[in-house]
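Structure first, commentary second.
Number of protein chains: 2
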Amino acid sequence: MTTEGHIDFFFKPESIALIGASPNPEKLSCTILESLLKMGFQGKIYPVNPGYQEIRGLKCYPAPDEIPDKIDIAIFAVKASTVLEILNGPVDNIKGAIIVSSGFREMGPEGKELEIRLKELLEKKGIRAMGPNCLGIYDTASKVDTFFISSDKVERPARGRVSVLTQSGSFAAMIMDELANEGVGVARVVSYGNKVDVDESDCLEFLAGDKATKAIALYIESVGNGRRFLATASRCVQKKPVVALKVGKREPGARAASSHTGAVSGRYEAYEAAFRKAGIIEVETYEELKDACKVLNRYPLVEGKRVLIITDGGGIGISIADACEEAGLRVPEIASETVAELKEKLPAFASVRNPVDLTGSVKDEHYVAALQEAFREEYDLAIVSLLWGPPLLSKGVAEKIRNFADSCGKPVLICSPGGKFSREMASAFTATGMPVFFTPDSAVRAAAVLCGRKK
Amino acid sequence: MTTEGHIDFFFKPESIALIGASPNPEKLSCTILESLLKMGFQGKIYPVNPGYQEIRGLKCYPAPDEIPDKIDIAIFAVKASTVLEILNGPVDNIKGAIIVSSGFREMGPEGKELEIRLKELLEKKGIRAMGPNCLGIYDTASKVDTFFISSDKVERPARGRVSVLTQSGSFAAMIMDELANEGVGVARVVSYGNKVDVDESDCLEFLAGDKATKAIALYIESVGNGRRFLATASRCVQKKPVVALKVGKREPGARAASSHTGAVSGRYEAYEAAFRKAGIIEVETYEELKDACKVLNRYPLVEGKRVLIITDGGGIGISIADACEEAGLRVPEIASETVAELKEKLPAFASVRNPVDLTGSVKDEHYVAALQEAFREEYDLAIVSLLWGPPLLSKGVAEKIRNFADSCGKPVLICSPGGKFSREMASAFTATGMPVFFTPDSAVRAAAVLCGRKK
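In structure tokens form, the structure reads like this:
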């Protein structure tokens, strides 16, 4: 068995078996079945449990080999020792496994021993596997959801363009929940846990050629085969942007990572160098990775790094400009001939420089006028910030700006800070498919990612 | 007239006149009256406008000097030229003015001329003034609210312990709205705009001795009298923590600041040095200043910088640990004798190191047990992170952790990322008066502030 490639079937399965299926809502497997059904998976679902004839109206099988079908994905939701027991039995019809069970390498020496045996078994039986100690796949393209956390607790994002790869299940759940909550979609999310077999490189290789994926976000505790990762990532970056957050950078974080998914983090500097070499955009914090997902779900990367800032509040314009400079972006002045034209179309008190301050007298059309006049060749992207205090500003501004953004071919990022009222107003942007950044810092982090974070 | 001190009456007024009062909801003054009434100001309110006999059931006066009372605060909500006109007339009974009107220095040469005349007039008449081009005061101690943005649009925070000083009105509105939305209170907020008279030093001097204020957050575009600021701030820092964000640091931001409140930002390095010398904790971004307000509303500064991290999700623990190290905080290992005791009280799979990972098997009491056992002398503060996926975790954990935090005498910061469900669960902490930080980065920014951001 080669460890490379051939994992496409995980992302277009025709049949899924759920080993350890149960109608008991306290069992993880019960939630997994719920997730699969809710997601609307169109293929076959086969519950497996010798204790039941039927679960949720689906025929239940005593063992995987009793299923009269090949199994693209067998989800193992049983305890660690049972996983090995089952794999020791007849499992010829299983192609791929998602082993969500914990109790392996992350548990110390005994668990590690178990995981070594698991690996041997999988290789012997020719089964590709994700996990153990993982959540598996949330896939808006193939309609697969193997997550054992209910959607009441962790909201599922709609279909989007960014795929997320992560060792950490809690990270997968957290970012999915937050993105969904902010109206941002994802393509495919893979939580591969301890990586007994399938790892980041396997997934990257698949995602590189995946039409549903326009950008990739990586949450990396450790990389097993550095050379292969570098090669795969480099190929991938030729086709679509790849953003990565390396965690466990320093001693305590690294210590925690080792007990978490049994990962050995390695020297951070090596990762940094590999990311640079592969052309991966490295981000430094969780917030940055999330901002990257939000912005890459809507926009491709841009060539330059010259930012036009348009706002209706002086203070926030300054904060955005400061943050841009800090992030290595540029905030060039508006050309003087443009200034003259702009002055005619903007409110009397408006400050016509970069940042443009439309002031509290702003009307919806002023935002569009400012974009139309000022967002010329000299800028690569625009950050448009809205405080919703001005009395003449309405939700209608969202569609106007979206239409402009669609036609101009360059990214327009929306920044809308504030509480309840502002969130409600800003939802007009989310409704048109434009992500909203809720702080100046967040909008600038997203802009920096689009510019490739080139300082 | 000295520019120093004597502005206490702005923060305990007995009478407020509203010049330019109007029942027309399109006028700013209408919103200001609404704000004052809603806030429950206990003193006298005198509307002033020759066009009305009465507004909102209050007798309306044709001119300020017709009011048979001294006026602690006269709010000027009329256009720039009218401000000067009125001040040229009889205004002997006015002690202080809040001039919200724009159209002064921020408007260029003509406005600057107007502002110079305004300053002369105020000095001649012996009137202390905030503004122009400002929102004025939002004060939970004296129940004054002069903000001309309705509370439907910008929520008002409850009574709290941090006072905020800012040139920028939009910043004042933004941070108040966000703090209110996250259940965090404030003491007094002053938006002093162009600073024709009252400036950051005057306010700092008052706040230094103010019992209602336990900590101070500054949003600074520029400082007029650097020497006085340094002296006042140094005295203030002896009594309570002062945190500052300098905006307009770099060229474009500085350029915007000059057209915004007419400020000349000066060299950033000079500010940096002054902050350091005065003992001010400088923060670098809007998000950091907000996190500072949240944490200082609840906790005093701590001496050391050793952080205990407790979580129920491995990935997030690693992110917090990484961010701590990045911020110059320390994440020391748990003493080995403590580890043994802890192991008996925590879930079987728990990782008993720092970060402690209580895993998905966590129950409410495990958080408290982990705090009780591990939060010893070797730590200065704890960051407790909760993902709400674990089935046995309940809202009740909030009161348990709050009780522990109250008794232990050291800060316990709550980190709860996620979407709708998590926010709802986390609201249990807000209800007990504990601020909630929604990302690992945010919790660590707050921790760094409590440690004085000493690297």
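Chains as they are written, first to last, in our numbering: chain S, 868 to 1322; chain G, 868 to 1322.
Each residue gets a CB set at the ideal place from its N, CA and C atoms; glycine is no exception.
Item: Counting Cβ pairs closer than 8 Å, one from the segment 1175–1188 of chain G and one from the segment 1209–1227 of chain G, do we hit at least three?; Value: yes
Item: List the residues of chain G whose Cβ lies closer than 7 Å to the Cβ of S/S1035, in chain order.; Value: G1181 and G1182
Item: Let me check understanding here. Comparing Cα to Cα, which of G/D936, G/G1227 and G/N1000 lies closest to G/A944?; Value: G/N1000
Item: Could you compute how far the alpha carbon of G/Y1246 sits from the alpha carbon of G/N960?; Value: 57 Å
Item: Put G/S1035 into one of helix, strand or coil per three-state DSSP.; Value: coil
Item: I want to know whether the segment 1147–1159 of chain G touches the segment 1301–1318 of chain G - three or more CB-CB distances under 8 Å.; Value: yes
Item: Suppose you measure from the CA of G/C1160 to the CA of G/K1078; what does that come to, to the nearest Å?; Value: 17 Å
Item: Exposed or buried, which one is G/T869 when buried takes at least 16 other CB atoms within 10 Å?; Value: The predicted model places G/T869 with a pLDDT of 41, which falls under 50 and marks its position as unreliable; any figure quoted below should be read in that light. Label assigned to G/T869: exposed.
Item: Considering only residues of the same chain and omitting the five flanking positions on each side of G/K1106, which have a CB-CB separation below 7 Å?; Value: A1075
Item: Kindly give me the distance between the Cβ atoms of G/L1213 and G/A1145, rounded to whole angstroms, as I take these residues to be in contact under 8 Å.; Value: So it is not a contact: roughly 45 Å between Cβ atoms.
Item: So, does the segment 885–904 of chain S touch the segment 1008–1015 of chain S, judging by three or more C-beta pairs under 8 Å?; Value: yes
Item: Taking C-beta to C-beta, are G/V1029 and G/V1053 nearer than 8 Å?; Value: yes
Item: In the DSSP assignment, what are the bridge partners of S/R1197?; Value: S/R1173
Item: Nearest-angstrom Cα distance between S/G1263 and S/T1299?; Value: 11 Å
Item: When you compare the CB of G/S969 with every CB in chain S, is at least one pair closer than 8 Å?; Value: yes
Item: Kindly confirm or deny that the segment 1231–1249 of chain S and the segment 1170–1181 of chain S touch, where touching means at least three C-beta pairs closer than 8 Å.; Value: yes
Item: What are the start and end residues of each continuous alpha helix (DSSP H) run of 4 or more residues lying completely inside the segment 1277–1302 of chain S, in chain order?; Value: 1287–1298
Item: Quick one: complete beta strand (DSSP E) runs, 3+ long, within the segment 966–1002 of chain S?; Value: 995–997
Item: So the beta strand (DSSP E) S/E840 belongs to, where does it begin and stop?; Value: This structure does not reach residue 840 of chain S, given that chain S is present from 868 up to 1322, and the question cannot be answered.
Item: How would you write the range of the alpha helix (DSSP H) that S/D1158 sits in, first residue to last?; Value: Y1153 to L1163
Item: Got a sec? Which residues, its chain only, sit under 7 Å from G/A1295 by beta carbon, not counting five neighbours each side?; Value: K1262 and A1265
Item: I'd like the list of long-range same chain contacts for G/F1216, defined as Cβ closer than 7 Å, with 5 residues on each side in sequence excluded.; Value: T1226 and S1228
Item: Can you name, in chain order, every residue of its own chain whose Cβ lies under 8 Å from the Cβ of S/P892, other than the five neighbours on each side?; Value: T898
Item: How about G/P890: is its C-beta nearer than 8 Å to some C-beta of chain S?; Value: no
Item: Flag S/E921 as yes if its beta-carbon sits less than 8 Å from any beta-carbon of chain G, otherwise no.; Value: no
Item: List the residues of chain S that G/F1288 touches, going by C-beta distances under 8 Å, in chain order.; Value: D1019, K1020, V1021, E1022 and D1044
Item: Just list the residues that DSSP pairs S/T1306 with in beta bridges.; Value: Paired residue(s): none; S/T1306 is not in a bridge.
Item: In the DSSP output, what is S/A1111 paired with across the bridge?; Value: S/L1085 and S/E1149
Item: Is there a Cβ from chain G that is less than 8 Å from the Cβ of S/D1158?; Value: no
Item: With DSSP run on the structure shown, which of helix, strand or coil describes S/S1218?; Value: strand
Item: Taking Cβ-Cβ distances shorter than 7 Å, what residues in chain G pair up with S/E1154?; Value: T1306 and D1308
Item: Run down chain S in chain order and give the residues with a C-beta less than 9 Å from the C-beta of G/V1114.; Value: G1182, I1185, S1186, A1188 and D1189
Item: Write down the C-beta distance between G/E1049 and G/T1297 rounded to the nearest angstrom, noting that I regard them as a contact closer than 8 Å.; Value: 7 Å
Item: Just to confirm, are G/I994 and G/A964 a CB contact at a threshold of 8 Å?; Value: yes
Item: Provide the residue(s) that pair with S/A1249 in DSSP beta bridges, ordered along the chain.; Value: S/L1175 and S/V1279
Item: In or out: G/E973 buried (at least 16 other Cβ within 10 Å) or exposed?; Value: buried
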